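Read top to bottom, the protein sequences are chains A and B. To convert a position in the first sequence, counted from 1, into this note's numbering, add 5. To convert a position in the second sequence, counted from 1, into this note's numbering, add 5. Positions of the beta carbon are idealized from the N, C-alpha and C atoms, including for glycine. Owing to the predicted nature of the structure, the values given are computational and were not obtained by experimental measurement. Accompanying notes for the structure given below.
There are 2 protein chains.
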Amino acid sequence: MAQMFIGPTGSGEMPRWREAFPDARMLGPQQARAQVGEGDKVWVLSRLDGWRELVMTLSQRGAVSSVLSQSPTSGEALSALNAGARGYAHALSPPELLRQMDIVISHQGIWVWPELMTQVIGGAFRALGGAASLQSEVLEGLTERERAVALVVAEGLSNKEVARQLSITERTVKAHLGAIFRKLGIRDRMQLILKLSHQESEVP
Amino acid sequence: MAQMFIGPTGSGEMPRWREAFPDARMLGPQQARAQVGEGDKVWVLSRLDGWRELVMTLSQRGAVSSVLSQSPTSGEALSALNAGARGYAHALSPPELLRQMDIVISHQGIWVWPELMTQVIGGAFRALGGAASLQSEVLEGLTERERAVALVVAEGLSNKEVARQLSITERTVKAHLGAIFRKLGIRDRMQLILKLSHQESEVP
DNA sequence: CCGGGTCTTGTCCATCGGTACAATGTCAGC
DNA sequence: GCTGACATTGTACCGATGGACAAGACCCGG
Chain A
6 MAQMFIGPTG
16 SGEMPRWREA
26 FPDARMLGPQ
36 QARAQVGEGD
46 KVWVLSRLDG
56 WRELVMTLSQ
66 RGAVSSVLSQ
76 SPTSGEALSA
86 LNAGARGYAH
96 ALSPPELLRQ
106 MDIVISHQGI
116 WVWPELMTQV
126 IGGAFRALGG
136 AASLQSEVLE
146 GLTERERAVA
156 LVVAEGLSNK
166 EVARQLSITE
176 RTVKAHLGAI
186 FRKLGIRDRM
196 QLILKLSHQE
206 SEVP
Chain B
6 MAQMFIGPTG
16 SGEMPRWREA
26 FPDARMLGPQ
36 QARAQVGEGD
46 KVWVLSRLDG
56 WRELVMTLSQ
66 RGAVSSVLSQ
76 SPTSGEALSA
86 LNAGARGYAH
96 ALSPPELLRQ
106 MDIVISHQGI
116 WVWPELMTQV
126 IGGAFRALGG
136 AASLQSEVLE
146 GLTERERAVA
156 LVVAEGLSNK
166 EVARQLSITE
176 RTVKAHLGAI
186 FRKLGIRDRM
196 QLILKLSHQE
206 SEVP
């Protein structure tokens, strides 16, 4: 559960951050990969080369990471979140804000520099509007519930996850999937995805 | 700073939520528009007609709102966030989770049902030129052989079929796939397909 | 009231998919 | 010559997946 800061080796700055977490440790990228484990909270400076990849591995390892940038942009914010980061803010944010971030990300939340959040969400929304149109003819022959299952499965979720999301049993998900496969003449979820994203494909 | 729940008039359910916030008030949409003000924390049921518009006005008024859905989807999540909501979760989430959400959104954070978060962020990432920057280099980090496997797998073929097509063992296919998953930071072939198919479908 | 369609769940089982812990051979570069 | 990246394959394990067989609940039209 250690609090750690990761920056270019030898970077002794980060005064605001130090102020917010006096007891934290400062690490270089190498040490980070070696020492960070599940539950640790890491703060990565985006000035660091390969920060994205670092965040990705640390996140998969179960660490909770935030990215601090000297010049925040919505693109970098998204990149960070996509890499698994849970927070994104200006590197020189005031200590109170940093501590606030800490609270948020410690509770499964996401914290992003507010102005950026608007852009991020806005962009995503526009894009998904287009994505929503993809469904259509393929799903015509399916029932209400089957369509719902098909769409969620096509997002890449497992049966268990679909079950949770639709508040039904995994068994029921399988039942619907079976019907979907039969009706669409396909054999598994992979082909379902292909059928929904492109209309083409189909192999012997 | 009142905690309020807004659902269809006369909806007396929401046991889990009640449990989480015993002192909160339940309102109908009309009352909400009249009474909610700055700093109030409102929970809106997405089953409610016009929930999106409601969230939008309340948010602009300075209220902090979360949306609870009976059947959460990434699309609805984005829609909620875009309307100004700060939280999005299943309507029957356990009380501890709801209180956790409360903490997060009270600290300027965003809270979204974890499984959906990945999709939401993923969608957003693809939407804003992140697609161009990273997608093209998705396969860059892979070796010759890994790329070959990735492409065939993305066609929807099984490991056995890939093996036949590339004249290698199924075991070897698994080996390459393992490396691919690790390098791309994904967990299975479904996500690989999504990562690859979304790189060709972009908007003007 | 009855039959059909839909939604739901159950058990059982064969297979697939992903990973852990390996080994072998090749080939480029220091 | 040795090291490291790459390709290949093996055994083993276990969770995920899809199908088989079955059944109860609900609703709607005949």
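*asked:* Which residues in chain A have a C-beta closer than 7 angstroms to the C-beta of residue 114(B)? List them in chain order.
replied: 109, 114, 115, 116
*Residue range of the alpha helix (DSSP H) that residue 94(A) falls in?*
Where residue 94(A) is concerned, there is no enclosing alpha helix (DSSP H), although the beta strand (DSSP E) it sits in stretches over 92–95.
*Within 10 angstroms of its Cβ, does residue 91(B) collect 16 or more other Cβ (buried), or is it exposed?*
Here residue 91(B) is buried: its Cβ has 16 or more other Cβ atoms, across all protein chains shown, within 10 Å.
*Between which two residues does the beta strand (DSSP E) harbouring residue 50(A) extend?*
46–50
_Is the beta carbon of residue 73(A) closer than 9 angstroms to that of residue 41(A)?_
no
*Spatial neighbours of residue 184(A) in its chain, beta-carbon cut-off 7 angstroms, leaving aside the 5 residues before and after*: Excluding residues up to 5 positions away in sequence, 151 lie with their Cβ nearer than 7 angstroms to the Cβ of residue 184(A) in the same chain.
*Rank 38(B), 192(B), 11(B), 86(B) by C-alpha distance to the C-alpha of residue 50(B) and give the top, closest one.*
Here the closest residue by C-alpha is 11(B).
*Contact check, residue 195(B) vs residue 173(A) under 8 angstroms by CB: the rounded distance?*
That pair is no contact at about 20 angstroms.
*Determine, using beta carbons only, whether residue 185(B) comes closer than 9 angstroms to chain A.*
no
*Using DSSP with H/G/I as helix, E/B as strand and the rest coil, what is residue 192(B)?*
coil
*Using a Cβ cut-off of 9 angstroms (strictly closer), state whether residue 204(A) contacts chain B.*
Summary for residue 204(A): the model assigns pLDDT 37, below 50, so the residue's position carries little reliability; its value from the coordinates is reported in the next sentence. Put simply, the CB of residue 204(A) is far from chain B, with every gap to its CB atoms at 9 angstroms or more.
*Taking buried to mean at least 16 other C-beta atoms within 10 Å of its own C-beta, is residue 35(B) buried or exposed?*
exposed
*Taking Cβ positions, are residue 45(A) and residue 68(A) nearer each other than 9 angstroms?*
yes
*Work out the CA separation of residue 145(A) and residue 98(A) for me, nearest whole Å.*
51 angstroms
*Could you give the distance in angstroms between the alpha-carbon of residue 22(B) and the alpha-carbon of residue 66(B)?*
24 angstroms
*Where residue 140(B) sits in the DSSP three-state scheme*: With a pLDDT of only 48 at residue 140(B), under the threshold of 50, the placement of this residue in the model should not be trusted, and no figure is reported.
*Could you name the residues of the stretch 151–167 of chain A whose beta carbon sits closer than 9 angstroms to any beta carbon of chain B, in the order they occur along the chain?*
153, 156, 157, 158, 159, 160, 161, 162, 163, 166
*Is residue 98(A) helix, strand or coil when you go by DSSP?*
coil
_Selection from 89(A), 148(A), 33(A) that minimises the alpha carbon distance to residue 54(A)_ = 33(A)
*So what's residue 84(A) in DSSP terms, helix, strand or just coil?*
Correct three-state label for residue 84(A): helix.
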